[in-house]
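Remarks on the structure that follows.
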Amino acid sequence: MSETHEQTEGEQAATYDVEAVQAKWQPVWDRLEPFRADDEVVRSGEREKRYALTMFPYPSGDLHMGHGEVTALHDVLTRYWWQRGYEVLNPMGWDSFGLPAENAAIRNDAHPADYTYGNIDTQFESFRKYGASFDWSRRFNTSDPEYYRWTQWLFLRLFEQGLAYRKKSPVNWCPNDQTVLANEQVVDGACERCGAVVTKRELTQWYFRTTAYAQELLDSLDDLQPTWSDKVVNAQRNWIGRSEGAHVDFAVAGREQPITVYTTRPDTIFGTTFMVVAVDAALADELVTDAQRPAFEAYREEIRRETEIERLSTDRPKTGVDLGVTATNPVTGEQIPIWATDYVLADYGTGAVMGVPGGDQRDFEFATVMGLPIVRTTQPPADFEGEAYSGEGATINSPADGAASVGLDLNGMSVADAKSAAIAFLDEQGSGRGTVNFRLRDWLLSRQRYWGAPIPIIHCPVDGEVAVPDDQLPVELPALRGADLKPKGVSPLGGAEEWVNVSCPTCGGPAKRDTDTMDTFVDSSWYFLRYCSPHDDSQAFDPDLVNMWGPCDIYIGGDEHAVLHLLYARFFTKALRDLGLLSFGEPFSAYLSQGKVINNGRKMSKSLGNGVSLGGQLAEFGVDAVRLTLVFASPPEDNIDWADVSPSGSLKFLQRAWRLSGDVTSAPGTAPEAGDVALRKLTHKTVHEAADLIEKHRFNVMVARTMELVNATRKAIDSGCGPADPAVREAVEAVAILLSLVAPYVAEEMWERLGHQPTVARAGWPVVDEALLVEDSVTAVVQVRGKVRGRLEVSPDISEADLEAAALADEAVVRALDGATIRKVIVKAPKLVNIVVG
Numbered sequence: 001m002s003e004t005h006e007q008t009e010g011e012q013a014a015t016y017d018v019e020a021v022q023a024k025w026q027p028v029w030d031r032l033e034p035f036r037a038d039d040e041v042v043r044s045g046e047r048e049k050r051y052a053l054t055m056f057p058y059p060s061g062d063l064h065m066g067h068g069e070v071t072a073l074h075d076v077l078t079r080y081w082w083q084r085g086y087e088v089l090n091p092m093g094w095d096s097f098g099l100p101a102e103n104a105a106i107r108n109d110a111h112p113a114d115y116t117y118g119n120i121d122t123q124f125e126s127f128r129k130y131g132a133s134f135d136w137s138r139r140f141n142t143s144d145p146e147y148y149r150w151t152q153w154l155f156l157r158l159f160e161q162g163l164a165y166r167k168k169s170p171v172n173w174c175p176n177d178q179t180v181l182a183n184e185q186v187v188d189g190a191c192e193r194c195g196a197v198v199t200k201r202e203l204t205q206w207y208f209r210t211t212a213y214a215q216e217l218l219d220s221l222d223d224l225q226p227t228w229s230d231k232v233v234n235a236q237r238n239w240i241g242r243s244e245g246a247h248v249d250f251a252v253a254g255r256e257q258p259i260t261v262y263t264t265r266p267d268t269i270f271g272t273t274f275m276v277v278a279v280d281a282a283l284a285d286e287l288v289t290d291a292q293r294p295a296f297e298a299y300r301e302e303i304r305r306e307t308e309i310e311r312l313s314t315d316r317p318k319t320g321v322d323l324g325v326t327a328t329n330p331v332t333g334e335q336i337p338i339w340a341t342d343y344v345l346a347d348y349g350t351g352a353v354m355g356v357p358g359g360d361q362r363d364f365e366f367a368t369v370m371g372l373p374i375v376r377t378t379q380p381p382a383d384f385e386g387e388a389y390s391g392e393g394a395t396i397n398s399p400a401d402g403a404a405s406v407g408l409d410l411n412g413m414s415v416a417d418a419k420s421a422a423i424a425f426l427d428e429q430g431s432g433r434g435t436v437n438f439r440l441r442d443w444l445l446s447r448q449r450y451w452g453a454p455i456p457i458i459h460c461p462v463d464g465e466v467a468v469p470d471d472q473l474p475v476e477l478p479a480l481r482g483a484d485l486k487p488k489g490v491s492p493l494g495g496a497e498e499w500v501n502v503s504c505p506t507c508g509g510p511a512k513r514d515t516d517t518m519d520t521f522v523d524s525s526w527y528f529l530r531y532c533s534p535h536d537d538s539q540a541f542d543p544d545l546v547n548m549w550g551p552c553d554i555y556i557g558g559d560e561h562a563v564l565h566l567l568y569a570r571f572f573t574k575a576l577r578d579l580g581l582l583s584f585g586e587p588f589s590a591y592l593s594q595g596k597v598i599n600n601g602r603k604m605s606k607s608l609g610n611g612v613s614l615g616g617q618l619a620e621f622g623v624d625a626v627r628l629t630l631v632f633a634s635p636p637e638d639n640i641d642w643a644d645v646s647p648s649g650s651l652k653f654l655q656r657a658w659r660l661s662g663d664v665t666s667a668p669g670t671a672p673e674a675g676d677v678a679l680r681k682l683t684h685k686t687v688h689e690a691a692d693l694i695e696k697h698r699f700n701v702m703v704a705r706t707m708e709l710v711n712a713t714r715k716a717i718d719s720g721c722g723p724a725d726p727a728v729r730e731a732v733e734a735v736a737i738l739l740s741l742v743a744p745y746v747a748e749e750m751w752e753r754l755g756h757q758p759t760v761a762r763a764g765w766p767v768v769d770e771a772l773l774v775e776d777s778v779t780a781v782v783q784v785r786g787k788v789r790g791r792l793e794v795s796p797d798i799s800e801a802d803l804e805a806a807a808l809a810d811e812a813v814v815r816a817l818d819g820a821t822i823r824k825v826i827v828k829a830p831k832l833v834n835i836v837v838g
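In the UniProt record's numbering, the protein residues as written are 1 to 838.
Dropping the structure here:
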């Protein structure tokens, strides 16, 4: 940006007082409420709607640089939409339940409610100072009883549909936060919140049946692909993880039910020489013989001390214990041993996997260590040995030479044909069936923590799980002031006996409330719907208003929620659609990924000593300079290294732009037609390009174009065009409107100095004169031997023949050719001629 900050000769050094300007306009905007969305304006058809949403913050402290970046980026688009004449719903609230807020409160020895609401007040004032274009009339917090009443109501609707249920299973356990986690909240084996290594526990917990929508969640990504980033779409595809294969039944002597396993490669069934079961699965405990039990239990105790990351490590030596029982291979009839091992996880299917050492590397290593047979069923390339082969090739050993006929011969088939044939055979024999499997698991939503929405279920010894009646909602959290809320592995709500002990709504007998609270991602899975009617105390949301405003036209946030929040919100939307509450099935029509703000190439961290305070930057350089820096630094999806940017340079540029508004001497409303043509052309070109750049989310380039217009306008004034020229006023007004998207304070100040009433945010997008976009000439580049040898000023509509003739006649080109034979001339009128010589 250095060239945009140099003062031209004769430019005044006047500056404005940043703090005074900020203090001046904040109360004006509070009074005018320029960004308050009007339902009736959209309902009547007076204006077309746009719903702009950015991820709401956790109130675990004041706003940080990430909040500053996403708000600045979001504001460019929302303010642009207002300028283009749309009615824009741009709400904001706080995701105020959950572990981040609760942990922060405990660290600060405060009650979560006091700490959270104090931080919300602080963040609100910071957002206000930041000039964010939010509609504050729709503000709410997810920890307000008026909000979580409806979170509980929605839970009960899903409960009625069988989409919320309770079961006992191995779950992810965070030893630091002392609570269970959904699969999506475990990143590389660690807690997504605190980074602690996650372990496994067997617990009874509440789930949402997200798998009921697995196929639709996957299929509708095709519709989102054009407007969501590939990175986010692919992350969701991979997490849902659809695979086609078969369920295969293996009979076990003395056991009534067979063991069913899922495999994506049923063509390798002839190579199944053993079976492995997760050592911590209930199935292993059931199968082990008395003789093998001591060794099994010792091994299980050893493995329980290990993390999931350690168990799944590819370079980890394979270990296991023979359970002393065998299963029957359904195609060969052979008895194969069943082993307990650590490289299979208990929550994968039944916790059992068929061992195919010829086609799976982990099975290969296990078979090698344990001395088990290895049979290849796919022909590997020549000289391939020493490991499993899972690629394409002809099927072999299916059956092996000399084996008894079983009515199935896959030899010589391709992998795809062998899969189909194997599935058909297993289905015919009743020992298997083709199936589709998903990596996606149901969403575990119970939390053994205090600061969350209580699960509205009453447990009755007679009637079981009973829903709290709707007219008794919300089930409010007991205050528990003075109680020790530090995590202990069980919910603190269990100790609130007056709250826990209730009468059963069905039979009237003694019963107990569920003492777990909901994952905070439940709150954020539907908050965008509540914004459409945030003060409606009769329903979760007004379906007519939601269907009018929704779905969100743009959602801006970080890639850290590429799976977590986005997947859950998509599930909720589809489920509520099927309940008849919504007319759409996807919550966010477009998604814009926000990069991170780093420093010196690394994530900001107090421990690294490279943290940058948003408040400190605002105090030093002002809101506008920080916002401009964040928008101009890079495309929205890229990271911003604060060490590489210059908020002081941004401030200098803004001072230059502000000085232009003081130089204009023509009256407001002066017709620009008589003004300097060159400046007018640049103004209209800039406005035209800015709109296109914003629509394509190239906000940083839009800022660059605005800087160029500021420079050109200053040059025009200083070189004789004069401050009274109508083209100067037109250009400076355009600058003020463009800057209103990025630097609202200086833009408002400029607009006032130009003689207009506030607010510039609703001034309207400048009208572009198409005639001024027509270029009188363009520069055509002429290349000889791949090097530029000439530049020609030609008409934009010049023909290819005329451009070729002009290029060959150019003196510089003639010299470069120096009599060489021209083999070919490639012409792309009006901008390029490439001469190929032989």
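Think of the CB as a built atom: it goes at the ideal place given N, C-alpha and C, for glycine as much as any other residue. This one's a predicted model, so the numbers in the text were calculated from it and none came from an experiment.
With distances taken between CA atoms, V369 lies nearest to T341 out of I396, A352 and T341. When DSSP states are grouped into helix, strand and coil, G271 belongs to the helix group. Between D516 and Q448 a beta carbon distance of about 6 Å is seen, short of the 8 Å cut, so the two are scored as contacting. One alpha carbon belongs to A625, the other to V742, and they sit about 9 Å apart.
The alpha-carbon of D470 is positioned some 7 Å away from that of W153.
Between E498 and R513, the alpha-carbon positions lie close to 10 Å from each other. Cα atoms of V778 and R791: separation of roughly 10 Å, rounded to the nearest angstrom. DSSP links R242 through a beta bridge to F438. Contact between A388 and G412 is ruled out by a C-beta separation of about 21 Å, above the 8 Å threshold. The DSSP assignment places 497-500, 520-523, 527-530 and 543-549 as complete runs of the alpha helix (DSSP H) inside the region 486-563, in order along the chain (cut-off: 4 residues). Residue pairing by DSSP puts S593 in a beta bridge opposite G557.
Residue state for H688 is assigned as helix, using DSSP reduced to three classes.
V415: not part of any beta strand (DSSP E); member of the alpha helix (DSSP H) spanning V415 to Q429, first to last residue. By the neighbour-count criterion, in which a residue is buried when 16 or more other Cβ atoms sit within 10 angstroms of its Cβ, F364 is buried. Per DSSP, D470 is not a residue of any beta strand (DSSP E), being assigned neither H nor E. Looking from the CA of C507, the closest CA among Y165, L445 and V468 belongs to V468. In the three-state scheme derived from DSSP, where H, G and I count as helix and E and B as strand, Q22 is classed as helix.
Following the DSSP letters along the chain, one finds P337 inside the beta strand (DSSP E) bounded by residues Q335 to T341.
In this structure S648 is exposed. Its beta-carbon is surrounded by fewer than 16 other beta-carbon atoms within 10 angstroms. Only exposed fits V836, as fewer than 16 other CB atoms lie within 10 angstroms of its CB.
Note that the C-beta distance between P330 and L440 is not below 8 Å. Taken in chain order, the whole alpha helix (DSSP H) runs of length 4 or more contained in the region 618-643 are 623-632. L576 counts as buried, since at least 16 other C-beta atoms from the protein chains shown sit within 10 angstroms of its C-beta.
Residue V664 holds the alpha-carbon nearest to the alpha-carbon of E733 among E476, V664 and T263.
In this structure the region 537-551 does not lie against the region 121-129, because fewer than three pairs of beta carbons, one per stretch, are closer than 8 Å. For M354, the enclosing beta strand (DSSP E) starts and ends at A352 to G355. Taking 4 residues as the shortest admissible run, the region 787-828 contains the following complete alpha helix (DSSP H) segments, listed from N- to C-terminal end: 800-809 and 811-817. I240 and L218 have their C-alpha atoms some 7 Å from each other. Nearest Cα to T227 within the set L529, R714, K696 and L158: K696. Around the C-beta of P474, 16 or more other C-beta atoms lie within 10 Å, and the residue is accordingly described as buried. Residue pairing by DSSP places A52 opposite I554 in a beta bridge. Collapsing the DSSP output to three states places E730 in a helix. When C-alpha distances from Q236 are compared across K685, V774 and Y568, the shortest belongs to Y568. The C-alpha of F274 is placed about 8 Å away from the C-alpha of L372.
By the Cβ test, the region 405-423 is not in contact with the region 348-359, since fewer than three Cβ pairs between them sit closer than 8 Å. Where K715 is concerned, the enclosing alpha helix (DSSP H) starts and stops at F699 to A716.
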